[in-house]
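Asker: Just dropping this structure here.
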Amino acid sequence: MLKVENLTKLYGKFKAVDNISLNIKEGEIFGFVGPNGAGKTTTFKMIATLLRPTSGKIYLDGMEVNYKNLKKVRNEIGYMPDFFGVYDKLKVTEYMDFYSDIAGIYGEEKNRIIKDLLQLVDLTHKKEAYVDSLSRGMKQRLCLARCLIHNPKLLILDEPASGMDPRARIQMKEILRELKKMGKTIIISSHILPELSELCTNIGIIEGGKIVVNGPVEEIMYRAKSNNIIKLSVLEKKENCIKLLKEEPLVKSVIENGRDIEIEFDGEPLELSNLMKRMLNQNIPLISFKPLENNLEDIFMEVTRGDGE
Amino acid sequence: MNPVLKKELKVRTRSWKMPITISLYLLLLCGFLGLLASQMILGYRSYRGIRLEDLKVLYATITVFQLILIAFIIPATTSSSICGEKERRTFDLLLCTRLSSFSIVSGKLSASLSFMIILLVVSIPIFSIFFLFGVITPTNVFLLFIYYLVTALLFGSIGIFSSAFFRKTTTSTIFTYFFVLMLMFGTGFCLIVARTFADRIGINNISDTIKAIYNAVVYMNPMVGIGAILENQFGEGPIREILIDRKANANLLSPLYYNMGFSFIFSLILLFMTSLKINPMKKFANKGEDKKNKKIERKEIKRMKR
């Protein structure tokens, strides 16, 4: 569906996007994660035909994103920027009407689409309200409805839940789930990582304009788990236990944390199971032996240095 | 109908700005006319009536005054059209639609021009006063209004062009007014200076190229168009004196046609450049940035060679 090849964007000496490549399949939800200034918005803008890449190519459905195919590409893309404004003197329906006119949708079909979309984003009750009077969350939802007016195949959503209260975020998540069911391909960036890991099929972590991690969510989680932390507690013989653990070649570090011991284990699940057996054979009274759950936030913190800004 | 024009008209007619501007416009025109008329009538000592000669002066003054009003109103409405969208952060949403850059530009411009048409239409009753006294004919007014429209197109294109090139509305507005005033008064000043020198040297001693350049600058000035219309209406005027080597049997309206031709072509060029500038995928829009990148690239290559 979307193929990005060696995409680079320079602003003078500054490399905003540095040779990134992506391959997003149809129906996929791709989460783009990165610290502020990492190059997410620049990448999104280049895909959305709002910025000309310095080098590299973007293909949408096999069609190159360039000036020649501009109209065709824009027909297939729905872009929602991280910050956007609204026309203060327009009502919600008029706002949608304006973008329908641009999309070349008229008459009964237009009325039907606007009605359906306002229903999808739960704004039917606000259709006669002025856009400027809407809350931040409502404006975000309206912008999402605007993106969908021409029924694009690819949705580019840059921080769609930023600045929203928890209720509005949940509503937005529900809408995105609905869009996923509709089979839309979505590229989404967000700072709310747990939500992203729930929603996305694939994740790309970007830092300093470079993709540092890219792949299916489960694979990334598993990859991160290969360096996982095991928390164990013993009833007694804590010193013996620590000594034994330190002698183990696959145990990278041993940290005493109150009554518990945390170890960094670099091995396969079978080797972990053998370690537990050896401890039991040494008569160490284990009470618990549990790998710590890794989440996207941990992975993000692990792979990024946080110097994006 | 262009969606941008449709939306602009909807938004503009909803605010109080529009009726207030129309009222102010009419008030200014009527006030100016009233002031001039009262000055003339009060100036008569023995004659209690209206002199045709004075009405002609009154009409000429009011037409120039209307042109000056256009020169002040059109830049104000167009110079913020694109950078205003950028400042409101609505421009990206508009750009990533299937609407072409030219449609966005022409929609914005036609919205400003339609506002100008409203102002011109509401001023017709004021100009009709002159019909009553036989100063002008409806054809004269029609020609005058066509001229106003073409001149408004030129001023509007300058405004749209600068609003695409500058990020801030203030900078864009200042540039537009500077350009428009230079076109109206700057060229006029240059012509006066050039003519003074030409008269001193002797017109016959000047080369044909310089004469052609001089006349071309004359045709660029919007005031010349209005001058030609008035000269054609009253059979007398300054254009005859301003142009160099004008043939005795030349059409009195030809400076107007040249002026309108210049305004129209220059407007099209500006609109074309604006639509290139706002298109992010075009090389022209990224020219500065590309140049900078190439310079840096060359520097890097040189450094590596060393």
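As they're listed, the protein sequences go chains V and R. As numbered in my numbering, the first sequence has no gaps in its residue numbers, which increase by one up to the final residue, 345. As numbered in my numbering, the second sequence has no gaps in its residue numbers, which increase by one up to the final residue, 353. Ideal placement from N, C-alpha and C gives every residue a C-beta, glycine not left out.
Would you call the CB atoms of L238(R) and V264(R) closer than 8 Å?
Answerer: Closer than 8 Å, so yes.
Asker: Within this structure, are the beta carbons of N264(V) and F325(V) separated by less than 8 Å?
Answerer: Cβ atoms of N264(V) and F325(V): not closer than 8 Å.
Asker: Can you pull out the residues from the region 56–70 of chain R whose beta carbon lies closer than 8 Å to at least one beta carbon of chain V?
Answerer: Residues K57, V58, R61 and S62.
Asker: Thinking C-beta only, is E62(V) closer than 8 Å to T221(V)?
Answerer: A contact, by the Cβ cut-off of 8 Å.
Asker: In the DSSP output, what is T198(R) paired with across the bridge?
Answerer: DSSP lists no partner for T198(R).
Asker: Find the residues of chain V that neighbour R146(R), judging by a C-beta separation of less than 8 Å, and give them in chain order.
Answerer: The question names Arg, yet the displayed sequence has Leu at residue 146(R). Within chain V, the residues near L146(R) are I138.
Asker: Would you verify that the beta carbon of A84(V) is, or is not, closer than 8 Å to some beta carbon of chain R?
Answerer: True, the Cβ-Cβ gap to chain R drops below 8 Å.
Asker: How big is the Cα-Cα spacing for A165(V) and P196(V)?
Answerer: A165(V) and P196(V): Cα-Cα distance of roughly 22 Å.
Asker: Pull the bridge partners of N55(V) from the DSSP assignment, please.
Answerer: DSSP lists no partner for N55(V).
Asker: On the criterion of 16 or more Cβ atoms from any shown chain inside 10 Å, does F134(V) qualify as buried, or is it exposed?
Answerer: Classification of F134(V): buried, given that the 10 Å Cβ count is 16 or more.
Asker: Scan the region 169–237 of chain R and note each continuous beta strand (DSSP E) run of 3 residues or more that stays entirely inside, going in chain order.
Answerer: DSSP runs (the beta strand (DSSP E)) wholly in the region 169–237 of chain R: none.
Asker: Looking only at DSSP bridge pairs, what is K127(V) linked to?
Answerer: In the DSSP output, where bridge partners are listed per residue, K127(V) has Y166(V).
Asker: Examine chain R for any beta-carbon lying closer than 8 Å to the beta-carbon of I56(V), and answer yes or no.
Answerer: It does not; no Cβ of chain R falls within 8 Å.
Asker: Closest Cβ-Cβ distance between K54(R) and chain V: below 8 Å?
Answerer: So, interface residue.
Asker: The beta strand (DSSP E) with L346(V) in it runs from where to where?
Answerer: There is no way to answer for residue 346(V), as the model of chain V reaches only from 37 to 345.
Asker: Which residues, taken in chain order from the region 110–129 of chain V, show a beta carbon closer than 9 Å to some beta carbon of chain R?
Answerer: Answer in chain order: R110, N111, I113, G114, Y115, M116, P117, F119, F120, G121, V122, Y123, D124, K125 and L126.
Asker: Should R177(V) be flagged as near chain R, meaning a C-beta pair shorter than 8 Å?
Answerer: Output row for R177(V): interface = no.
Asker: According to DSSP, simplified to helix, strand and coil, what is E41(V)?
Answerer: Residue state, collapsed to three classes: strand.
Asker: Between L170(V) and I207(R), what straight-line distance do the alpha-carbon atoms span, to the nearest angstrom?
Answerer: Going by the C-alpha atoms only, they are around 30 Å apart.
Asker: Tell me, please, whether the CB atom of Y135(V) is closer than 8 Å to any CB atom in chain R?
Answerer: Output row for Y135(V): interface = yes.
Asker: Among residues of its own chain, excluding the 5 on either side of I60(V), which ones have a beta-carbon nearer than 6 Å to its beta-carbon?
Answerer: So the list reads M37, L38 and F66, once near-sequence residues are dropped.
Asker: What does Y103(V) touch in chain R if you count any residue whose Cβ is under 9 Å from its own?
Answerer: Neighbours of Y103(V) on chain R, chain order: N326, M328, K329 and K330.
Asker: Only counting the same chain, and skipping five residues up and downstream in sequence, which positions put a Cβ closer than 7 Å to that of L191(R)?
Answerer: Around L191(R): T110 and I276.
Asker: Give a yes or no on whether 8 Å exceeds the smallest Cβ distance from T137(R) to chain V.
Answerer: It does: the Cβ of T137(R) has a partner Cβ on chain V nearer than 8 Å.
Asker: With a threshold of 8 Å between beta-carbons, can C143(R) be considered close to chain V, or not?
Answerer: It does: the Cβ of C143(R) has a partner Cβ on chain V nearer than 8 Å.
Asker: My assumption, with CB atoms under 8 Å, is that M315(V) sits in contact with C277(V). Please give the rounded CB distance.
Answerer: The Cβ separation is near 7 Å, so the contact holds.
Asker: Is DSSP giving E231(V) helix, strand or coil here?
Answerer: Correct three-state label for E231(V): helix.
Asker: Could you please give the first and the last residue of the uninterrupted alpha helix (DSSP H) stretch that includes N262(R)?
Answerer: That run of the alpha helix (DSSP H) goes D255 to M267.
Asker: Would you say R88(V) lies against chain R (beta-carbon separation less than 8 Å)?
Answerer: With 8 Å as the cut-off, R88(V) counts as an interface residue toward chain R.
Asker: Which chain R residues sit within Cβ distance under 7 Å of K220(V)?
Answerer: Residues of chain R passing the Cβ test: none, with the nearest at roughly 17 Å.
Asker: Can you give the Cα-Cα distance for Y261(R) and G308(R), rounded to whole angstroms?
Answerer: Roughly 17 Å between the two C-alpha positions.
Asker: For E55(R), I'd like the list of residues in its chain whose CB is within less than 6 Å of its CB, leaving aside the five on either flank, ordered along the chain.
Answerer: Contacts found: A158.
Asker: Could you tell me whether the Cβ of F50(V) comes closer than 8 Å to any Cβ of chain R?
Answerer: Chain R contact via Cβ: absent.
Asker: Any chance the region 97–106 of chain R sits against the region 197–204 of chain R, with 3 or more Cβ pairs inside 8 Å?
Answerer: With a cut-off of 8 Å, the region 197–204 of chain R and the region 97–106 of chain R do not count as touching, because too few Cβ pairs lie within range.
Asker: So if I threshold CB-CB distances at 7 Å, which residues from the region 289–323 of chain R count as touching chain V?
Answerer: So the list is empty, because no residue satisfies the distance condition.
Asker: Indicate the three-state DSSP secondary structure (helix, strand or coil) for Y47(V) in the structure shown.
Answerer: Here Y47(V) sits in strand by DSSP.
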